[in-house]
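Visitor:
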Amino acid sequence: MILCYDSIISEGGMSLSIKETTSIKLDKEAKERAKVIFKELGITMGDAFNMFLSQVNLHKGIPFEIKIPNDTTKQLIKEARLGKNVEDFSFDEINK
4 MILCYDSIIS
14 EGGMSLSIKE
24 TTSIKLDKEA
34 KERAKVIFKE
44 LGITMGDAFN
54 MFLSQVNLHK
64 GIPFEIKIPN
74 DTTKQLIKEA
84 RLGKNVEDFS
94 FDEINK
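Numbered according to this note's numbering, the sequence shown spans residues 4 to 99.
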């Protein structure tokens, strides 16, 4: 359960926050990793989602770049998932 906030400006110029409960499906592992980061930042999952929604509204879209892979990239992803053209190597080899 995520609490999201909608801001409303009243006639007196005061900003009021109205809570709305929203249910969303998330990748469990990604959520748990993010919770650790949010805790270090001193914010809640709800705070993070409200920041994301504010940025979506500010930018009038997703606040980071999303690209559709080209045909070459799609083919390479497909091959990698099938284990084709994939080499095994150790971390020691990477760090040389």
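The C-beta atom is built at its ideal place from N, Cα and C for all residues, glycine as well.
For Lys34, which of Phe55, Met48, Ser26 has the nearest alpha-carbon?
Guide: Met48
Visitor: Can you name the start and end residues of the alpha helix (DSSP H) that Ile40 belongs to?
Guide: 31 to 44
Visitor: Would you give the residue range spanned by the alpha helix (DSSP H) that Leu56 belongs to?
Guide: 48 to 62
Visitor: Taking Asn88 as the reference, give the member of Gln78, Glu96, Lys22 with the closest Cα.
Guide: Of Gln78, Glu96, Lys22, the smallest CA-CA separation from Asn88 is found for Gln78.
Visitor: Please state if the CB of Phe67 and the CB of Ala1 are separated by a distance shorter than 8 Å.
Guide: Since the displayed the chain opens at 4 and closes at 99, residue 1 lies outside it and no answer follows.
Visitor: Measure the Cβ-Cβ separation of Pro72 and Ile65 and say whether it is below 8 Å.
Guide: no
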